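Written out below as structure tokens is the structure these notes cover.
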Amino acid sequence: MALYETEEKQERALLVCLDTGEYDAESSLAELSELVKSAGADPAFTLAQKRPAPDTATCVGSGMAQEVAELCRKEELDLVIFDRELSPTQIRNLEKLCSIRVIDRTMLILDIFALRAQSREGKLQVELAQLKYLLPRLTGQGTALSRLGAGIGTRGPGETKLETDRRHIRRRINSLREQLKGVEAARSEINRRRKKDGTITVALVGYTNAGKSTLMNQLTQAGVLAEDKLFATLDPTARALKLPCGKTVMLIDTVGLLRRLPHHLVEAFKSTLEQAATADIILNVCDASSEEAGEHLAVTNELLQELGSADRPVIPVLNKWDAVEDRTLAVRVQGAVRISALTGEGVEELLKAVEENLPQKTFEVELLLPFAKSGLAARLREEGAVLSEEYVEEGLRITARVDERLYAPVQEFDQREKSGVL
Ligand SMILES: Nc1nc2c(ncn2[C@@H]2O[C@H](COP(=O)(O)OP(=O)(O)OP(=O)(O)O)[C@@H](O)[C@H]2O)c(=O)[nH]1
Ligand SMILES: [Mg+2]
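If you count the sequence shown from 1, position 63 lands on 63 in UniProt numbering, and the numbers rise without skipping.
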């Protein structure tokens, strides 16, 4: 099914890139072209200029800006899309020069998110990001009015169309924040309950189009492995997954990432992304058939780190192995699992890797260790988490957090078990 179905004719766009050497302009432009396509438009032309810094008035130099305007007229294009964020002034000047809509990379990405947002939370998050981006850019009547109407850069998920009145926008931003707080509170309640129930979460993260959702389907529609449970209705992106060892984990699908993801969007999706970054196990899924797979894995890892994934096991998943030509990637990426979410190849191995990374269940014990058992006390200090210890007449009273393995040798000294509290 097409992502974008409309009776309007397809918009033809001119892509403009200013290469200042800050990032790889070529791959960024290639990505922009893919973005334009998935927004439903045709990336008909591309212009690039090398320059040490953007021009304050028109981003590209004035000569190049003229060239952009001429091409727009000659080819009767519908819009211009810049591969970097534009200031309100630059947008105003460029629109005046070209007489058509001018948007930037961030607006384009926000637009695609607006098209795709399904859940209530997703819609609220996107609208908030859009309005926050739009607010400082509403400088004069010209820009505000040109944002009205249909087309890329004007679509909003919430109210019928993006508001253009400043006061209205502020009010709406506040209301969106309030509503999001409510949704987030509900979610952290679910998280809390999952933690309390000892539910283990496994998050699928990675670049957009890496095959996360396909993998989710492959894993959870496999009949024997999956069952739809309680949380499915509360959180449509989470599904129960039964591992071969018999344990059930909660598999979470997440929003896809991109190079140079606009910080407005990361901000808006922070709570969703944080939930993924703080799962018990993270599957960093990449499209291994892409030349950029290694870099995609790195970009994802970086964002995960920023969002607090430290200490959590991250398993690199080289997906689309069925379509891979460059097999050297697997050698370069440590601990990677090769799979094809499409054919199911390698999935068993992936599940094994998940099992190997399962967190050990820990619980609190209150022990009274006889003096003769000082070796056990040392082991508790070494391998468990000692919460308190105190020497008493009969020996050492010690409370500690232990996993099953550590519990076995100390079980007979557990005070609570004896008194029936456990
Ligand atoms: N050849 C091949 N194609 C695959 C494989 N896995 C997924 N695909 C294709 O890749 C495309 C993207 O898959 P999705 O599962 O939607 O990717 P995603 O990571 O969920 O993307 P976002 O939701 O945008 O973040 C689809 O056309 C899939 O059919 C695979 O193992 N091999
Ligand atoms: Mg997906």
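C-beta atoms are modelled at their ideal positions from N, C-alpha and C, and glycine is treated no differently.
Fair warning: this is a prediction, and the values are worked out from it, not measured in the lab.
- Boundaries cannot be given for PHE371, as no alpha helix (DSSP H) includes it and DSSP labels it neither H nor E.
- SER28 sits buried, since 16 or more C-beta atoms from the chains shown fall within 10 Å of its C-beta.
- Judged by DSSP in its simplified three-state form, TYR23 adopts coil rather than helix or strand.
- The three-state reading of DSSP puts ASN301 in helix, counting H, G and I together.
- By the criterion of a C-beta distance shorter than 6 Å, LEU77 is surrounded in its chain by ARG12 and LEU14, once the five residues flanking it on both sides are discounted.
- Collapsing the DSSP output to three states places ILE252 in a strand.
- With a 10 Å radius around the Cβ and a threshold of 16 neighbouring Cβ atoms, PRO316 comes out buried.
- LEU215 places its beta carbon 8 Å or farther from that of ILE252.
- For ALA276, the Cβ stays outside the 7 Å cut-off from all heavy atoms of ligand 1.
- Annotated as distal: ASN217 and ASP287, with beta-carbon spacing of 8 Å or more.
- Under the Cβ criterion (8 Å, minimum of three pairs), the stretch 388 to 401 does not count as touching the stretch 342 to 350.
- The count of Cβ pairs closer than 8 Å, one atom from the stretch 239 to 256 and one from the stretch 90 to 109, stays below three, leaving the stretches out of contact.
- Sorting HIS168, GLU364 and VAL365 by C-alpha distance to the C-alpha of LYS132 places HIS168 at the top.
- In chain order, GLU394, GLY395, ARG397, PHE413 and GLN415 place their CB closer than 7 Å to the CB of LEU368, counting only its own chain and leaving out the 5 sequence neighbours on each side.
- Remark: C-beta atoms of ALA268 and LEU307 do not approach each other more closely than 8 Å.
- Sorting GLN66, ASN93, ILE91 and ARG105 by C-alpha distance to the C-alpha of VAL36 places ARG105 at the top.
- Residue ranges of uninterrupted alpha helix (DSSP H) with 4 or more members, entirely inside the stretch 25 to 70 and ordered along the chain, are 25 to 38.
- Inclusion of LEU265 and ILE103 in the CB contact set at 8 Å is not warranted, their separation being larger than that value.
- In the structure shown, the three-state DSSP call for GLY395 is strand.
- Take ASP42, set aside five residues on each side of it, and the residues of its chain with a beta-carbon closer than 6 Å to its own are GLN10 and ARG12, in chain order.
- About 7 Å separates the CB atoms of VAL202 and ASP280; that is less than 8 Å, so the two are in contact.
- Taking the C-beta atoms as reference points, VAL331 is found no nearer than 8 Å to LEU297.
- DSSP, reduced to helix, strand and coil, places SER213 within a helical segment of the structure shown.
- Relative to ligand 2, GLY395 has its C-beta separated by 7 Å or more from all heavy atoms.
- Here LYS247 is near LEU358, since their CB atoms are less than 8 Å apart.
- The DSSP assignment places complete alpha helix (DSSP H) segments of no fewer than 4 residues inside the stretch 288 to 374 at 293 to 306, 329 to 332 and 347 to 356, in order along the chain.
- Judged by beta-carbon spacing, ASP83 lies beyond the 8 Å limit of GLN49, meaning their Cβ atoms are not closer than that value.
- In summary, SER388 is exposed, with fewer than 16 beta-carbon neighbours lying within 10 Å of its beta-carbon over all protein chains present.
- By a beta-carbon distance limit of 8 Å, GLY206 does not contact VAL314. Their separation comes to about 11 Å.
- Its chain contains LEU35, SER38 and ALA39 as the residues whose beta carbon lies nearer than 7 Å to that of ILE112, once the 5 sequence neighbours on both sides are disregarded; these appear in chain order.
- Counting only beta-carbon distances shorter than 7 Å to the non-hydrogen atoms of ligand 2, the qualifying residues in chain order are LYS212, SER213, ASP253 and GLY256.
- In the three-state DSSP reduction, ASP403 falls in the strand class (E or B).
- Per DSSP, LEU204 is one residue of the beta strand (DSSP E) stretching across 200 to 206.
- Non-local C-beta neighbours of ASN93 in its own chain, meaning closer than 7 Å and more than five positions away in sequence, comprise ALA57 and THR58, ordered along the chain.
- The alpha-carbon separation between SER289 and LEU376 amounts to approximately 51 Å.
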